[in-house]
Amino acid sequence: MSRFGTQAHGLHSRAPHGPHGEDEMKLRFLVTICALAIVAATPAAAAAESQAPVYYLSLGDSLAAGTQPGREFTNEGYADQLAAALRTKMPTLQLVKLGCPGEATTSMITPDLPFEGRTGHNACRYPHGSQLAEAVNFLHAHQRFVALVTIDIGPNDLFRCSCTDTIRLNLPRILAALRDAAGPGVPILGMNFYDPRLAQSWFVTHPGDLGALAVEIANAVGFNNFIEGIYAAAGDPVADVEAAFFTTDTTLVGTTPRDVVIVCAWTWICGPEQNIHANATGYGVIAAAFLEALKKN
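Residue numbering for the sequence shown follows our numbering, starting at 79 and increasing by one per position.
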């Protein structure tokens with residue numbers, strides 16, 4: 079994404095309802111964890127190998143970059159928090175972050191010219207030309223040592239053209255290229271999205287109107303269902319961020335629907351910045367949704 083109270087304890091989210099991944103992906107992930115545990119428990123024979131790195135490749139837009147108000151790239155994002163959680167079982171895990179604020183499915187394949195102002199951001203100057211090309215090159219070079227890939231992409235397509243045609247065309251191509259480069263055993267996980275516009279609907283455009291809020295919820299769910307269908311067709315599971323943020327729960331907490339309370343607490347949308355990005359707590363919830371998807375797939 080580029081723009082659009084309650085606290086969470088640790089990495090907590092509701093269980094996802096996204097599509098199941100291939101058994102081979104689950105096996106690859108579990109084998110990686112078990113192999114590292116065995117190596118760590120063998121003092122002499124694997125002393126050198128225990129230091130061998132394995133990689134988590136994070137792709138996407140500003141959410142993958144961990145964007146916060148005034149800071150486009152941080153170490154507080156969901157990728158950073160997910161990597162930290164995974165290191166309890168994979169201590170040599172290294173996070174490779176390629177996500178770029180403002181990225182859409184088209185620019186992920188063929189960078190926009192003149193790069194949407196990206197010349198000021200080294201992380202978005204990809205040596206191989208685009209984020210996808212950079213990811214494919216990395217996967218080819220490190221395939222045996224990649225533990226997982228995550229990707230969030232799509233909302234900026236809506237911001238640019240208010241349409242889903244580019245996503246329908248580009249996302250399958252992106253996922254196919256990643257799968258070809260990663261091989262059949264590496265888990266590739268996508269995500270659906272929270273909707274900060276719930277707060278805008280409730281407090282600004284249609285104050286206190288549950289009917290208008292229901293329309294916004296339906297739009298968010300429809301978009302997420304669309305995204306989930308593309309990942310399902312590719313055989314890739316989805317972290318259910320929609321559910322983790324209680325997007326469809328309009329139970330009143332005092333006088334405010336729960337989903338609005340949550341999006342205000344876990345993003346910056348209700349602060350003076352009116353920024354759509356998750357805060358550190360919200361990114362932790364997203365990380366937990368990815369962990370749940372890994373466990374269930």
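All C-beta atoms, glycine included, are put in the ideal place defined by N, C-alpha and C. These figures come from a predicted structure and were not determined experimentally.
Buried is the label assigned to glycine 177, since at least 16 other Cβ atoms lie within 10 Å of its Cβ. Take isoleucine 229, set aside five residues on each side of it, and the residues of its chain with a beta-carbon closer than 6 Å to its own are Leu137, Gly138 and Gly268, in chain order.
Residue ranges of uninterrupted alpha helix (DSSP H) with 4 or more members, entirely inside the segment 248-291 and ordered along the chain, are 275-278. Tryptophan 346 is bridged by DSSP to Asn353. Under the three-state reduction of DSSP output, aspartate 314 falls in the coil class, being neither helix nor strand. DSSP places threonine 326 outside both helix and strand once states are collapsed to three, so it counts as coil. Pairing valine 214 with valine 264 gives a Cβ-Cβ distance that is not under 7 Å. Leaving aside the five residues that flank phenylalanine 368 on each side, the residues in its chain whose CB is nearer than 8 Å to its CB run, in chain order, Tyr156, Leu160, Thr228, Leu267, Met269 and Ala317. Contact between the segment 230-250 and the segment 295-310 is present, with at least three C-beta pairs closer than 8 Å. As DSSP reads the structure, leucine 141 sits in no beta bridge.
Contact between alanine 211 and lysine 175 is absent: CB atoms are separated by about 16 Å, not below the 8 Å threshold.
About 7 Å separates the CB atoms of tryptophan 280 and glycine 286; that is less than 8 Å, so the two are in contact.
Under a 10 Å Cβ-count criterion, histidine 206 is classified as exposed, with fewer than 16 other Cβ atoms of the shown protein chains found around its own Cβ. Within 10 angstroms of the beta-carbon of glycine 144 lie 16 or more other beta-carbons, which makes it buried. The three-state reading of DSSP puts isoleucine 229 in strand, counting E and B together. For the pair tyrosine 309 and histidine 220, the CB atoms are not nearer than the 7 Å cut-off. DSSP, reduced to helix, strand and coil, places lysine 167 outside both helices and strands of the structure shown, so it counts as coil. Using a Cβ-Cβ distance cut-off of 8 Å, the segment 355-371 and the segment 313-327 are in contact, since at least three pairs of beta carbons, one from each stretch, lie closer than that value. Histidine 355 counts as buried, since no fewer than 16 other beta carbons sit within 10 angstroms of its beta carbon. Distances from the alpha-carbon of glycine 180 to those of Gln172, Gln129 and Gly232 put Gly232 closest. A Cβ-Cβ distance of about 17 Å is found for the pair threonine 166 and glutamine 129, leaving them out of contact under the 8 Å criterion.
With respect to asparagine 234, isoleucine 187 sits apart: the two C-beta atoms are not nearer than 7 Å. For a cut-off of 8 Å, the C-beta gap from alanine 277 to valine 341 is around 5 Å, short enough to register as a contact.
Cβ atoms of leucine 256 and leucine 226 stay farther apart than 8 Å, at about 11 Å.
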